[in-house]
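For the sequence shown, the residue numbers in the numbering used here are 1 to 249. Even for Gly, the Cβ is constructed at its ideal location relative to N, Cα and C. The model shown is predicted, which means the values in this text are computed figures rather than measured ones.
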Amino acid sequence: MALVRLGTLRASAPLASRLLCTAAPRKIAVVLAGNGVYDGSEITESVATLVHVSAAGFAPACFAPDIVQHHVVDHTKGEEDSAPRNVLVESARIARGQIAPLTSLDPTEYAALIVPGGFGAAKNLCNHATVAQGDAALMAVEPSLETAIRAFHAAKKPIGLCCIAPVIAAHLLKCEVTVGQAEGEQWPYGGTAGAIENYGGVHRPTDWSGVCVDDANNVVSSAAYMYDGKPHEIFESVGAMVAAVCERA
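This is the structure in structure tokens:
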């Protein structure tokens with residue numbers, strides 16, 4: 001019977017195969033921005049990220065900044081609610097309670113970093129939607145996220161973003177990203193392409209199922225709900241981004 005060497009352990013091939021299969025999967029950090037499209041992370045995009053990461057054989061690990069949300073929106077009315085909420089606490093709902101403060105993220109322990117979209121990415125993770133709105137001089141990123149993105153970038157580890165989140169990478173890394181198309185009936189946020197250029201990035205148009213891969217910066221992005229699509233289309237858009245990230249991890 002063939003023998004396979006595992007460190008100092010010598011085992012039969014079937015046993016070695018079982019031992020290798022039980023090894024802990026590599027981890028991918030997923031940064032959330034709250035819970036809900038209008039004031040936090042977009043839930044379909046967030047869950048799609050977790051599902052696709054897991055299906056690719058990696059273990060998703062959720063993080064969020066421990067900060068007060070920019071504001072709270074009643075999703076049944078589209079109106080502001082005066083009660084404050086915490087980004088970490090709200091994000092824990094999506095993560096089934098398995099979440100950690102973003103300040104605790106150690107990039108050396110993770111193969112990649114992914115940031116789903118939702119207005120929380122543009123309100124809580126940066127000020128694109130609240131202050132900057134395309135003005136590079138005013139654009140600011142939540143400090144713990146900026147630290148994480150720069151650390152993964154310096155380590156040449158892949159960074160994935162979807163929906164509105166690519167504006168963050170465009171600002172910090174001056175990289176190529178996509179939010180889909182700059183115009184069209186099914187692209188209600190097409191003006192974001194211009195903001196990306198203002199922030200020093202380069203916008204690469206794609207369709208809803210496509211991805212933009214900036215090989216030089218190891219940044220992957222897809223449109224997700226920047227496209228007015230059906231849930232399964234958004235799931236596929238996020239999946240395309242995750243697949244490209246995992247190929248590089």
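Nearest CA to the CA of D81: which residue from G190, A56 and V72?
Checked all of G190, A56 and V72; the closest Cα to D81 is V72.
Between the C-alpha atoms of G134 and A24, what's the straight-line distance to the nearest angstrom?
Going from the Cα of G134 to the Cα of A24 covers about 42 Å.
Starting from F63, follow the beta strand (DSSP E) in both directions and report where the run begins and ends.
Segment A59 to A64, the beta strand (DSSP E) holding F63.
So, do the segment 179 to 192 and the segment 140 to 148 have three or more beta carbon pairs nearer to each other than 8 Å?
These segments do not touch.
Since I believe V245 is in contact with A112 (beta carbons under 8 Å), could you give me their beta-carbon distance rounded to a whole number of angstroms?
Yes, A112 and V245 are in contact; Cβ-Cβ is about 5 Å, under 8 Å.
Do A155 and P107 have their C-beta atoms closer together than 7 Å?
Yes, these two residues count as a Cβ contact at 7 Å.
Would you call G117 buried or exposed, if buried means 16 or more other Cβ atoms sit within 10 Å of its Cβ?
Buried.
Could you have a look at V242 and say whether DSSP puts it in helix, strand or coil?
V242 falls in the helix class under three-state DSSP.
Take R142 and list the residues in its own chain whose beta-carbon comes closer than 6 Å to its own, dropping the five residues that flank it on each side.
According to the sequence as given, residue 142 is Glu; it is not Arg. P65 and L125, listed in sequence order.
Less than 7 Å between the beta carbons of L105 and A29, yes or no?
Closer than 7 Å, so yes.
Quick check: the Cα distance between A92 and S46, rounded to an integer number of angstroms?
Those two C-alpha atoms are separated by around 12 Å.
Could you name each continuous beta strand (DSSP E) segment of 3 residues or more that falls completely within the segment 149 to 197, going from the start of the chain to the end?
The segment 149 to 197 contains these whole beta strand (DSSP E) runs: 159 to 162.
Please tell me whether A148 has its Cβ less than 7 Å away from any Cβ of chain B.
Given the protein chain composition of this structure (a single chain), no chain B is represented.
Can you tell me which of G191, A136 and E247 puts its alpha carbon nearest to the alpha carbon of N218?
Among G191, A136 and E247, the Cα nearest to that of N218 is on E247.
Sorted by chain position, which residues of the same chain lie with C-beta nearer than 8 Å to K27's C-beta, five sequence neighbours on each side aside?
Closer than 8 Å at the Cβ level, and outside the excluded window around K27, lie F58, A59, P60, A61, E109, Y110 and A111.
Just to check my reading of the structure: S221 and P158 have Cβ atoms closer than 8 Å, yes? What is that Cβ distance to the nearest angstrom?
With a Cβ gap of about 11 Å, S221 and P158 do not count as contacting.
Return the chain-ordered ranges of every alpha helix (DSSP H) run that is complete within the segment 40 to 91 and spans a minimum of 4 residues.
Entirely contained in the segment 40 to 91, the alpha helix (DSSP H) runs reaching 4 residues are, in chain order, 43 to 55.
What span of residues does the alpha helix (DSSP H) with A122 cover, start to end?
F119 to K123 is the span of the alpha helix (DSSP H), which, as asked, contains A122.
Among the residues of its own chain, which have a CB less than 6 Å from the CB of L138, if the five just before and after it don't count?
Here the set comprises V131 and A132.
In whole angstroms, what separates the C-alpha of G40 from that of E233?
Distance between the alpha carbons of G40 and E233 is about 21 Å.
Could you check if D214 is buried or exposed, using at least 16 other CB atoms within 10 Å of its CB as the buried criterion?
Buried, because 16 or more other Cβ atoms sit within 10 Å of the Cβ of D214.
Taking only the alpha-carbon atoms, compute the straight-line gap between C175 and A240 and give it to the nearest angstrom.
When rounded, the distance between both Cα atoms is 19 Å.
With C-beta atoms as the reference, is S144 less than 7 Å away from L102?
Contact: yes.
Write down the C-beta distance between I67 and V37 rounded to the nearest angstrom, noting that I regard them as a contact closer than 8 Å.
About 19 Å; that fails the 8 Å criterion.
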